[in-house]
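This note's numbering puts the first residue of the sequence shown at 81, with every later residue one more than the last. Ideal placement from N, C-alpha and C gives every residue a C-beta, glycine not left out. Inspection log for the structure reproduced underneath, given as structure tokens.
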Amino acid sequence: MDYLETLNVAQRNAVIHPEGPILILAGAGSGKTRVLTHRICHLIFEHRVDPRQILAVTFTNKAAAEMRHRVCQLLEKLSGIPVDERDLWISTFHSACVRILRSEIHLLGYNPAFTIYDDSDQLSVIKAVMKELNISDSAFSPKAIQSKINKSKNEGVTVANYDSSFGGPFEDAFVRVFERYTEVLKTSSALDFGDIILLTVQIFEQFPKTLKNYQDRFQYVLVDEYQDTNKCQYTLMKQLAGTRANVCAVGDEDQSIYRWRGADIQNILTFERDFPNAKIYKLEQNYRSTKNIIEAASHVISKNTERRDKSLWTDNIEGEKIKILEAYDEHDEAQKVCSEIHNQIQNGESLNQIAIFYRTNAQSRVLEDMLRAKGINYQIYGGLKFYERLEVKDMLAYLKLLANPNDDVSFRRIINVPTRGIGAVSLEKFTRVAQDFGTSLYPTLEASFGPSPKLALDLGRAQKQFKVFFEMIERFRKEKSNLLPSDLYTLILEDTGYRESLVKEQTVEAQSRLENLAELRQSIVEFELRWGAQNPEKPITLEAFLEEIALVSDIDRFDPDAPAVKLMTIHMAKGLEFDVVFIVGLEEELFPNVRPWESEEPSEIEEERRLFYVGMTRARKKLHLLYAKNRTVFGNSQFRVLSRFVEEIPEKYYEFAKADYFARRRQFLERPGLLPRRLSEHEENEFNQINYDMDHDFAQESYDNLEAGGPRAGSPVVHPVFGEGIIRQTLGNDKVMVEFPNHGMKKLALKFIQLK
């Protein structure tokens with residue numbers, strides 16, 4: 081059992097635990113993946129458990145792929161025999177459930193060849209349903225209804241068991257939409273992400289024999305990131321565990337940061353209630369970060385009450401102190417980040433080992449402007465995902481309709497893309513025909529223009545275009561069985577005229593879209609190669625490709641080796657690590673993200689503190705925390721207060737750099753591509769105080785230079801009408817740009833205006 085020698089005592093005890101439920105509390109950077117993979121190998125190698133009797137689930141394809149690879153490597157090393165990854169059920173919750181549903185969803189009356197709708201597809205259905213039900217989307221937000229549907233499903237609530245006793249106009253509208261939305265998805269042979277887990281749970285509840293089959297199959301269940309499970313995922317895990325209760329849950333309540341998407345921290349805090357005989361193991365040794373970072377982060381998270389008693393520690397070096405940098409505003413903050421990045425590069429740090437985290441995506445814009453201006457290569461994660469780009473969605477809609485002719489969302493998206501003379505009025509008329517006919521949109525076309533017509537359409541001038549579209553799709557459907565998905569994609573791209581329409585545009589945007597379409601084909605080719613290697617006996621299908629990309633997350637496309645600084649929200653950073661980390665925007669109202677006019681919920685503050693803790697513990701060597709004294713919010717500059725979380729760090733762990741007057745000047749001179757903005761009343765008062773406190777000689781020198789005919793940026797002046805201001809830019813010898821607190825920027829000619 082020499083493979084256990086690489087583990088510490090706590091890790092080893094968790095790995096060799098015998099039968100029965102266990103909870104492994106794995107602190108940040110404590111080697112939880114190593115423990116999970118070794119436990120799986122221990123069950124297979126030492127206890128002779130069939131690999132197919134083990135189910136291990138996590139939350140990202142990236143984590144699942146890494147775990148599968150490490151298990152196979154270790155097993156091959158131990159046995160000397162190559163291990164087939166296909167024998168291992170190590171996947172995400174959603175991938176595992178899709179695999180189950182393909183075999184069992186017919187029990188609920190669904191088509192096993194279902195399509196998976198992403199968020200934008202789901203929203204399209206909701207909007208169409210609201211229009212059909214004459215529910216105003218200005219009175220009731222479609223996104224609010226979407227959010228409530230997703231929340232309900234995460235909690236295991238369906239239309240059938242939804243409690244609508246609360247009442248009220250929104251509630252009434254929601255119930256109507258929820259009911260019709262559910263019907264439309266079933267008719268379209270489509271599932272949203274909430275359905276994937278929920279319907280699996282429903283099958284196990286309604287068909288005990290089916291549940292028993294899977295309980296017998298999966299005699300050991302391992303759940304990674306247990307603190308992030310929602311109620312529906314928790315129910316699924318309990319169902320599969322059954323009476324054997326061979327559950328291994330791995331997680332850390334201090335890293336529970338997904339309450340907004342349904343994660344319930346109580347799942348990990350009350351594990352012993354569900355499994356009274358459970359054994360608890362604590363992994364408290366951190367292998368990632370320096371002592372300074374770990375001890376500071378541990379001190380901050382200790383302020384939370386919703387947590388178990390544990391203390392993270394490390395044998396790593398003490399390391400540099402955390403740098404807390406005060407900036408004048410968001411532009412000065414970005415300037416300081418770029419300056420520090422330059423220093424790190426000069427000291428030999430790699431760009432790909434530097435990351436910038438922020439609380440909200442909107443914060444990235446100023447950072448991106450400054451990084452571009454300074455010539456620093458960067459990659460941003462969590463913005464518009466590749467598979468959500470317009471042209472990619474268009475081509476995927478063609479493929480989805482071929483895979484599932486009942487997919488009305490895809491039909492609506494491509495019926496007039498590229499333009500073929502079918503307008504909104506004609507489509508609406510055709511939709512009503514389909515509703516009266518009692519079927520989906522494409523089958524209605526088939527009933528009208530197919531070999532055995534059952535329906536006489538009357539769509540006026542658009543009739544011909546509908547027929548041409550039908551004949552084109554039918555031609556693609558016939559080719560589908562003869563061509564590889566990549567070749568079918570090329571055929572569609574050319575024969576629809578989609579590529580040609582972009583070529584004719586001859587714009588930079590069109591060229592970018594063509595490049596994305598080429599990248600989409602490459603992703604199909606890569607899938608085909610991967611599928612052929614992993615499933616040599618199975619044909620490569622379009623359906624398999626569509627299923628894979630439906631379940632991909634943005635972080636799965638993360639390239640750690642790309643020579644670029646990584647920008648992302650802290651939520652996106654979960655599970656990653658970097659040598660150098662910057663966390664920006666550490667101010668009250670932004671981080672923690674609570675509004676002063678709202679009452680503070682202790683649980684919300686604790687979740688925000690956990691998010692800060694996650695950000696801190698992503699750093700291996702160096703951690704920089706930045707905040708701005710002023711930040712532009714909705715076009716207005718506002719005074720900001722340092723985040724309480726930063727103030728919770730003991731002084732011995734950090735060094736502090738205060739913003740100065742020159743930072744105030746620099747942010748006007750070095751804002752890339754932007755004109756200076758108008759000062760708020762608070763900024764002007766603060767600026768005046770700074771000037772008052774400065775050395776008199778410096779101030780006097782500014783006035784003397786102005787009077788001597790040498791105005792310069794930064795000189796304070798007084799205008800006979802506009803009052804006090806400051807020169808922001810000199811335009812030759814006779815003109816200046818001056819910013820006045822109450823009048824904004826003014827361009828003034830010195831020979832006509834007497835400035836003091």
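Fill in: Buried versus exposed, by CB contacts within 10 Å (16 or more), W169
Stepping through the sequence shown from its first residue, residue 169 is reached at position 89. W169 comes out buried.
Discussion item. Quick check: the Cα distance between V281 and Q319, rounded to an integer number of angstroms?
Written reply: Here residue 281 refers to the residue found at position 201 of the sequence shown. Here residue 319 refers to the residue found at position 239 of the sequence shown. In a straight line, the C-alpha of V281 is about 8 Å away from that of Q319.
Discussion item. Could you give the first and the last residue of the continuous alpha helix (DSSP H) run that contains Q543?
Written reply: Reading the sequence shown from its first residue, position 463 is the one you call residue 543. It spans 543-560 - the alpha helix (DSSP H) in which Q543 sits, taken as one unbroken run.
Worksheet item: How many Å lie between K157 and V95 at the Cα?
Response: As a position in the sequence shown, residue 157 is number 77, starting the count at 1. As a position in the sequence shown, residue 95 is number 15, starting the count at 1. Between the alpha carbons of K157 and V95 lies a distance of about 18 Å.
Worksheet item: Among I283, F355, D389, F298, which residue has its Cα nearest to the Cα of D332?
Response: Numbered from 1 along the sequence shown, position 252 holds the residue referred to as residue 332. For D332, the closest alpha carbon among the candidates I283, F355, D389, F298 is that of D389.
Worksheet item: So what's K826 in DSSP terms, helix, strand or just coil?
Response: Here residue 826 refers to the residue found at position 746 of the sequence shown. Correct three-state label for K826: strand.
Discussion item. Between which residues of its own chain and E667 is the CB-CB distance below 8 Å, once the five residues before and five after are set aside?
Written reply: Position 587 of the sequence shown, counting from 1, holds the residue named residue 667. Excluding five sequence positions before and after E667, the CB atoms of its chain that fall closer than 8 Å to its own CB belong to Y707, A708, R711, R720, V721, L722, S723, given in chain order.
Worksheet item: Which residue comes first and which comes last in the alpha helix (DSSP H) that contains K371?
Response: As a first step, residue 371 must be located in the sequence shown, where it is residue number 291. Its alpha helix (DSSP H) spans residues 371-381.
Worksheet entry | Buried or exposed by the 16-neighbour rule on C-beta atoms within 10 Å, applied to V505 | For the purposes of this step, residue 505 is taken as the residue at position 425 of the sequence shown. Counting the other CB atoms within 10 Å of its CB gives V505 a total below 16, which places it among the exposed residues.
Worksheet item: For the candidate residues F287, F466, A477, P640, whose alpha-carbon lies nearest to that of L431?
Response: For the purposes of this step, residue 431 is taken as residue 351 along the sequence shown, with counting starting at 1. P640 is the residue among F287, F466, A477, P640 whose C-alpha sits nearest the C-alpha of L431.
Worksheet entry | Straight-line Cα distance separating H704 from E126 | By 1-based counting over the sequence shown, the position of residue 126 is 46. By 1-based counting over the sequence shown, the position of residue 704 is 624. Each residue's alpha carbon lies about 46 Å from the other.
Practice prompt. Evaluate V257 with the Cβ neighbour count: other Cβ atoms within 10 Å of its Cβ, from every protein chain shown; 16 or more gives buried, anything less gives exposed.
Written response: As a working mapping, residue 257 is identified with position 177 in the sequence shown. V257 counts as buried, since no fewer than 16 other beta carbons sit within 10 angstroms of its beta carbon.
Discussion item. Contact defined as beta carbons within less than 8 Å: I believe L291 pairs with F298. What is the distance between those atoms, to the nearest angstrom?
Written reply: For this step, residue 291 is matched to residue 211 along the sequence shown. For this step, residue 298 is matched to residue 218 along the sequence shown. Going by Cβ atoms, the distance from L291 to F298 rounds to 11 Å, so no, they are not a contact pair.
Worksheet item: What is the residue span of the alpha helix (DSSP H) that K618 lies within?
Response: Residue numbering aside, residue 618 sits at position 538 when the sequence shown is read from its first letter. For K618, there is no enclosing alpha helix (DSSP H), as DSSP gives it neither H nor E.
Worksheet item: So, are the CB atoms of S175 and N366 less than 8 Å apart?
Response: On the sequence shown, position 95 is the one that residue 175 refers to. On the sequence shown, position 286 is the one that residue 366 refers to. In this structure, N366 does not lie closer than 8 Å to S175 by Cβ.
Discussion item. Assuming N141 and T172 are in contact, meaning their beta carbons sit under 8 Å apart, how far apart are those beta carbons, in whole angstroms?
Written reply: Here the question's residue 141 lines up with position 61 in the sequence shown. Here the question's residue 172 lines up with position 92 in the sequence shown. Between N141 and T172, the beta carbon gap of about 6 Å places them in contact (Cβ cut-off 8 Å).
Item to complete: Enumerate, from N- to C-terminal direction, the unbroken alpha helix (DSSP H) stretches of 4 or more residues contained entirely within the segment 236-271.
Response: Listed in chain order, they are 249-267.
Fill in: Own chain partners of F517 with C-beta closer than 8 Å, once the 5 adjacent residues on each side are dropped
The sequence position of residue 517 within the sequence shown is 437, counting from 1. Correct list, in chain order: T524, A527, L535.
Worksheet item: Around the Cβ of A630, are there at least 16 other Cβ atoms within 10 angstroms (buried) or fewer (exposed)?
Response: Translated into the one-based positions of the sequence shown, residue 630 becomes position 550. That one is buried.
Worksheet item: Secondary structure at V497, three-state DSSP: helix, strand or coil?
Response: Within the sequence shown, numbered from 1, the residue matching residue 497 stands at position 417. V497: coil per DSSP, three-state reduction.
Discussion item. Going by DSSP, what residue range makes up the alpha helix (DSSP H) through T511?
Written reply: For the purposes of this step, residue 511 is taken as the residue at position 431 of the sequence shown. 504-517 is the extent of the alpha helix (DSSP H) around T511.
Discussion item. Rounded to whole angstroms, what is the Cα-Cα separation between L749 and I494?
Written reply: As a first step, residue 749 must be located in the sequence shown, where it is residue number 669. As a first step, residue 494 must be located in the sequence shown, where it is residue number 414. Residue placement at L749 cannot be trusted, given a pLDDT of 49 that sits under 50; the coordinates are not used to answer.
Worksheet item: So what does DSSP say about K403, is it helix, strand or coil?
Response: As a working mapping, residue 403 is identified with position 323 in the sequence shown. Per DSSP, reduced to three states, the secondary structure at K403 is strand.
Practice prompt. Note down, in chain order, each residue of its chain lying with its Cβ closer than 8 Å to the Cβ of L755, except the 5 sequence neighbours on either side.
Written response: Along the sequence shown, one-based indexing puts residue 755 at 675. Caution applies to L755, whose pLDDT of 43 falls short of 50 and renders its modelled position unreliable; the value that the coordinates give is listed next. Excluding positions up to five away in sequence, the list reads M825.
Discussion item. Taking only three categories from DSSP, how would you classify D777?
Written reply: Taking the first residue of the sequence shown as 1, we reach residue 777 at position 697. In this prediction, D777 has a pLDDT of 39, which is less than 50 and means its spatial position is unreliable; what the coordinates show is noted afterwards. If DSSP states are grouped into helix, strand and coil, D777 belongs with the helices.
Discussion item. Could you pull the DSSP bridge partners for M648 from this structure?
Written reply: On the sequence shown, residue 648 is found 568 positions in, with the first residue counted as 1. The partner list for M648 (beta bridge, DSSP) reads F437.
Worksheet item: Mind checking whether I434 and F658 have CB atoms under 8 Å apart?
Response: Residue 434 sits at position 354 when you count from the first residue of the sequence shown. Residue 658 sits at position 578 when you count from the first residue of the sequence shown. Closer than 8 Å, so yes.
Worksheet entry | Which listed residue (Q591, A739, L181) has its alpha carbon closest to that of L278 | Walking along the sequence shown from the start, residue 278 turns up at place 198. Considering only alpha carbons, the answer is L181.
Worksheet entry | Residues of its chain near R469, where Cβ-Cβ distance is below 6 Å and the 5 sequence neighbours each way are ignored | Here residue 469 is taken as the residue at index 389 of the sequence shown, counted from 1. The answer, listed in chain order, is N596.
Practice prompt. Report the residue from V588, S232, E731, L155 whose alpha carbon sits nearest the alpha carbon of D272.
Written response: As a first step, residue 272 is located in the sequence shown; it is residue number 192 there, counting from the start. D272 has its Cα closest to that of S232, out of V588, S232, E731, L155.
Worksheet item: If we ignore side chains and look at the alpha-carbon of each, how far apart do Y197 and R92 end up?
Response: The sequence position of residue 197 within the sequence shown is 117, counting from 1. The sequence position of residue 92 within the sequence shown is 12, counting from 1. Computed Cα separation, rounded: 42 Å.
Discussion item. In the DSSP assignment, the alpha helix (DSSP H) including V446 goes from what residue to what residue?
Written reply: As a first step, residue 446 is located in the sequence shown; it is residue number 366 there, counting from the start. V446 -> alpha helix (DSSP H) spans 444-453.
Practice prompt. Take the Cβ of E763 as the centre, count every other Cβ of all protein chains shown within 10 Å, and call the residue buried at 16 or more, exposed below.
Written response: Taking the sequence shown and counting its residues from 1, one reaches residue 763 at position 683. Only weak support exists for where E763 lies, its pLDDT of 48 falling under 50; the value from the coordinates is given anyway. Buried, because 16 or more other Cβ atoms sit within 10 Å of the Cβ of E763.
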